[in-house]
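For reference, the structure is listed below as structure tokens.
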Amino acid sequence: DTAVSQTPKYLVTQMGNDKSIKCEQNLGHDTMYWYKQDSKKFLKIMFSYNNKELIINETVPNRFSPKSPDKAHLNLHINSLELGDSAVYFCASSQGARVAEKLFFGSGTQLSVL
Amino acid sequence: ELKVEQNPLFLSMQEGKNYTIYCNYSTTSDRLYWYRQDPGKSLESLFVLLSNGAVKQEGRLMASLDTKARLSTLHITAAVHDLSATYFCAVRPGGGKLIFGQGTTLQVKP
Chain A
319 DTAVSQTPKY LVTQMGNDKS IKCEQNLGHD TMYWYKQDSK KFLKIMFSYN NKELIINETV
379 PNRFSPKSPD KAHLNLHINS LELGDSAVYF CASSQGARVA EKLFFGSGTQ LSVL
Chain B
138 ELKVEQNPLF LSMQEGKNYT IYCNYSTTSD RLYWYRQDPG KSLESLFVLL SNGAVKQEGR
198 LMASLDTKAR LSTLHITAAV HDLSATYFCA VRPGGGKLIF GQGTTLQVKP
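From first to last, the protein sequence lines are chains A and B. Heads up: take any position in the first sequence, counting from 1, add 318, and you land on the working numbering. Heads up: take any position in the second sequence, counting from 1, add 137, and you land on the working numbering.
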């Protein structure tokens, strides 16, 4: 069983479209995250939710909107996609937001905006 | 602004050799993480270092943490091809968000 699963694995779309990436974790963790990895492999946090509540919201365009229907799911919706949004997006989870717990990462969604 | 800097960013080495990857960070953090990423794959947790002087070893990899110097090292002993990957260090100051270094891409040649 995959601990943190995200879909789709690949997403190719045109500029201006709206798309969603889904993430689910079956670890019983309270906290979930979205990270963006650019073409130089740099990883930067975008959002974090703890028990469905937004706790970290980095400087991200408001075209990006996370939604957490329950603590096992954190989806990412992106409106009006731009070329610069092309990247690999990783979902992750941890037991808590403020404990020394490692993050478990999903396999990533490679987004290509044409 | 918190910075996490790894050195080197790219490392090509022969099998059987030893080498060290360095991770410096700019603010107080008493916990440091090392992750491995294979090409096109996800990140896999290697080590969590929770206190000054912490040392952890798994196979040919050994990680250490010096919180006073704000430095962590990942030492590779007698490298093998299977260790080829990108290695990230990360800090979590105050237990909040995880801040990653730029990654060190390791290439081990036969």
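Don't be surprised by glycine CBs; every beta carbon is placed ideally from N, CA and C.
**Q.** Backbone secondary structure at Pro379 of chain A - three-state DSSP
**A.** coil
(Q) Does any residue of chain B have a CB that is nearer than 7 angstroms to the CB of Lys354 of chain A? (A) no
Q) Could you check where the beta strand (DSSP E) with Arg173 of chain B kicks off and where it finishes? A) Leu169 to Gln174
Q: Drop a sphere of 10 angstroms on the beta-carbon of Asp403 of chain A, count the other beta-carbons inside from all chains shown, and report buried for 16 or more, exposed for fewer.
A: buried
Q. Excluding five sequence neighbours on each side, which residues of the same chain lie with their C-beta closer than 6 angstroms to the C-beta of Ser201 of chain B?
A. Val192 and Thr210
Q | Coil, strand or helix - Leu93 of chain B by DSSP | A | Outside the modelled stretch of chain B, which goes from 138 to 247, sits residue 93 of chain B, for which no answer is possible.
Q | Cβ-based contacts, 7 angstroms cut-off: residues of the region 347-374 of chain A near chain B | A | Lys359, Phe360, Leu361, Ile363, Ser366 and Ile374
Q. Anyone know if the C-beta pair for Asn144 of chain B and Leu208 of chain B falls short of 7 angstroms?
A. no
Q: Please decide whether Phe382 of chain A counts as near chain B, where near means a Cβ-Cβ distance under 7 angstroms.
A: no
Q.
Please list, in chain order, the residues of the region 418-429 of chain A that have any C-beta partner in chain B closer than 9 angstroms.
A. Ala418, Glu419, Lys420, Leu421, Phe422, Phe423, Gly424, Ser425, Gly426 and Gln428
Q: Using alpha carbons as the reference points, say which of A:Asn397, A:Asn369 and A:Cys409 lies closest to Gly346 of chain A.
A: A:Asn369
Q: Counting only the same chain and skipping the five closest in sequence on each side, list residues whose C-beta sits under 6 angstroms from that of His212 of chain B.
A: Thr157 and Met199
Q: Count the other CB atoms, across all protein chains shown, that sit within 10 Å of the CB of Ala405 of chain A; report buried if there are 16 or more and exposed otherwise.
A: buried
Q) Would you report the Cα separation of Gln194 of chain B and Lys205 of chain B, rounded to the nearest angstrom? A) 21 angstroms
Q: Let me know the secondary structure DSSP gives Leu401 of chain A once reduced to three states.
A: helix
Q) Which first and last residues belong to the beta strand (DSSP E) in which Lys354 of chain A is found? A) Thr349 to Gln355
Q. How big is the Cα-Cα spacing for Gly414 of chain A and Arg229 of chain B?
A. 13 angstroms
Q: Starting from the C-beta of Leu329 of chain A, find all residues in its chain whose C-beta is less than 8 angstroms away, skip the five residues before and the five after it, and write them out in chain order.
A: Lys337, Ile339, Thr427, Gln428, Leu429 and Ser430
Q) Applying the criterion that 16 or more other CB atoms from any shown protein chain within 10 Å of the CB defines a buried residue, is Arg168 of chain B buried or exposed? A) buried
**Q.** Integer-rounded CB distance, given that Ala222 of chain B should sit under 8 angstroms from Met150 of chain B
**A.** Contact doesn't hold; Cβ gap of about 13 angstroms is too wide.
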